[in-house]
Amino acid sequence: MNPTDLGRRLRAAAAAPQARRRRTRVLAVESLEPRDCPAPVVSIELPRTPIIEGDRATFTVRLSQPSSTPQRIAVSAVAETATLGRDFMFSNPTQLLFTPGQTVKTFSVQTFTDTVTEPIETFRINATPLTIPNAATVSARASIYELVETTVTAQDVRITEGNTGTVNATFTLTLSGRPILPVYVNYTTQDITATAGSDYTAASGQVFFNPGQTTKTVTVPISGDLIAEPDETFNLLLSTTTRGCTIETPTVTGTILNDEADTPGYQVTVVYVGAFTAAQRSAFDAAAARWSQVITGDLPGVTLPGGTFVDDVQIEASIVPIDGANGILGQAGPTDFRTGVAGLPYAGVMEFDTADVAAMESDGTFRGVIMHEMGHVLGLGTLWPSLSLVSGAGGANPVYVGANAVREYNAIFGVTGTSVPVENTGGPGTRDSHWRESTMQTELMTGYASPSGVAMPLSRITVGGLADLGYAVNYGAADLYSRPPVVAPSPSGGGMGVALPITLPTRPVPAAPPSAAPTSPSPRPSEPRPGTGIPSAPAPTVPATPRPTSSGPRTTSSAPRTTSSAPRTTSSAPRTTSSGPRTTAPRPRMTSAPSVQYQAWGSLGSGR
């Protein structure tokens, strides 16, 4: 064999294993990283918190996906308004090595503090891929903030709890200093003597002050109640993680002031049983405020079992089914009475028919009806029998004989009688417990409600009636009311009445059911109240023309009720009114029914 050929063969044989090894290595690379796999994308992430002078700031370089081969990336910090070597230090460039499979690397830049007041300073971070083909340099701007000392203060809060619903205790947080970064303050409430969930609603969270803001508020809802109790307290705890910020008042106190105390003047508190709209509550509150203008004398407060304090009267209001649309609109009466102070009521109830409330709100009569029913709770019409203020009850010509109301009646009507005409028609809820409709027409406490658009004035006669019950009153708070225009002499000659172009109905009146036994701590006396007087002659009556109605007998029955005081149960006997045939609809009618104790309820009926 030619020596030349032999040498060529030997060299080929020696090279063959190395070629095989190369082929094996190439095949392994292709199996891990296919040729069509995209190259990793490089990104830079700034520190999660602001960089404050003196910080060692950590930056992150991230690959969008792992690589099967090592990747090298050069990072550098380039000065902008910050000066390298004075404001920050970094060794440029620095290489980051990503081994196969790694996607995240971090590096740090040291910043320095100084005593110079200066604006925000910036530098730029550049990341240049060295082993990724065609990859461009990416960059991000970093800012160095001057550390500004700040303080946060807050003040204690005192707030009156109210009787129902909630009021807000508002804590004001004040920031001092001129930070260039947001300041975060954490807050949470802590019980002391007040209990979260019953006295107030627990609150926690975070407020932050943006640069330029100096005040923030934290509100804590306070729950109203009727419990007589000492003032109660809770804490608001404040903290912060913002560097340079000091909380000077880490604990402030909220004091819930008890308002169940005997305050000057006459207070009417409405307790809403069930759902009421804001407009409905407003109507009740306005009616309560109106009666508080008329009655000015304070009465002793009463603490009920369970701690509820009543100053001066508490009335439960509810909207419930009674007898359907256009029947009885509402009914009310006192339920509990004081010891002494003429036995005046401190609690009562009012009910309004679900079927009629929307119509009353629509035609504007709702507030007047509420006013009327509140008058019954106060004792108008309902306490007359126990004080012997009505003479001839159940007869054809019942009259009221209380001296104060009689005096005001005489002054308005220009007569010198000794009584005020009392309603002599209707069922036990109307007759004997209202001013006579035929005489006083639109006055608030007659037996019929005025139609839409016609006012129901609270006259000095009604104010006098309150004085006869034992209240201290303000006659100047009465509405303007004058003698109706059509007057005819009374057959008895004892006064003047009002003749309307209608005839009062004559209809059978069922006997009132027996009253329930009183359950109040101090039942009203049954003997006449001294000084009320007895009339010397019947009150004026008025000839009238028929006023028919389309209604037949209407019956409602009371169901057991309880108030926030001791349980009070109504009489189970039905409350019934009846009427004879009529040909036209009357004005809404005031009626009454047995009290939940032994006084008559006053209720407003409608023939609409």
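Heads up: take any position in the sequence shown, counting from 1, add 10, and you land on my numbering.
Glycine included, each C-beta is placed from N, C-alpha and C at the ideal position.
Query                                                                                                           : Result
Burial state of Ser460, where buried means 16 or more other Cβ atoms lie within 10 Å                            : buried
Any non-hydrogen atom of the ligand ADP within 6 Å of Gly264 CB                                                 : For the ligand ADP, the structure offers nothing, since it holds no ligand at all.
Which of helix, strand or coil DSSP assigns to Ala152                                                           : strand
Range of the contiguous beta strand (DSSP E) that encloses Gln105                                               : 104 to 108
Element boundaries [beta strand (DSSP E), containing Asp201]                                                    : 193 to 201
Through-space distance from Val304 to Ser469, alpha-carbon basis                                                : 10 Å
When Ala415, Gly437, Leu309 are compared against Gly427, the one with the closest alpha-carbon                  : Ala415
Own chain partners of Gly111 with C-beta closer than 7 Å, once the 5 adjacent residues on each side are dropped : Pro76
Cβ distance (whole Å) where Ser302 is taken to contact Tyr276 below 8 Å                                         : 5 Å
Minimum C-alpha distance to Asp366 - residue among Ala477, Ile380, Leu73, Leu56                                 : Ile380
6 Å Cβ shell around Asp489 - same chain, five flanking residues per side excluded                               : Pro467, Leu468
Option in Thr138, Asn173, Val88, Gly412 with minimal Cα separation from Leu106                                  : Thr138
Whole-angstrom distance between Ile62 and Thr121, CA atom to CA atom                                            : 8 Å
From Gln451, Gly424, Ser429, Gly457, residue whose alpha carbon lies closest to that of Thr440                  : Gly457
Nearest candidate by alpha-carbon position, reference Tyr356, set Pro344, Gln223, Glu242                        : Pro344
Simplified DSSP state of Ala213, which is helix, strand or coil                                                 : coil
Three-state secondary structure (DSSP) of Glu447                                                                : helix
Distance CB(Thr256)-CB(Thr161) smaller than 7 Å                                                                 : yes
Thr198 to Ile232 span [Cα, whole Å]                                                                             : 15 Å
Under 7 Å between C-beta atoms of Thr227 and Thr182                                                             : yes
Alpha carbon of Thr176 to alpha carbon of Ser186, nearest angstrom                                              : 32 Å
Spatially closest choice to Thr123 from Phe133, Thr113, Leu157, by CA coordinates                               : Leu157
Ala164, buried or exposed, once every other Cβ within 10 Å from all chains shown has been counted against 16    : buried
Inter-stretch contact at 8 Å, needing at least 3 Cβ pairs: the stretch 304 to 323 / the stretch 275 to 295      : yes
Simplified DSSP assignment, three categories, for Pro129                                                        : coil
Supposed close pair Glu326, Val283 - CB separation, criterion 8 Å                                               : 5 Å
Of the listed residues Arg417, Ala421, Thr141, nearest to Arg79 (C-alpha basis)                                 : The question names Arg, but residue 79 in the sequence shown is Thr. Residue Thr141 is the option with its Cα nearest to Thr79.
Inter-residue Cα distance where the pair is Ala406 and Asn434                                                   : 6 Å
Contacting residues, own chain, Cβ-Cβ under 6 Å from Val217 (five flanking each side not counted)               : Val195, Lys226
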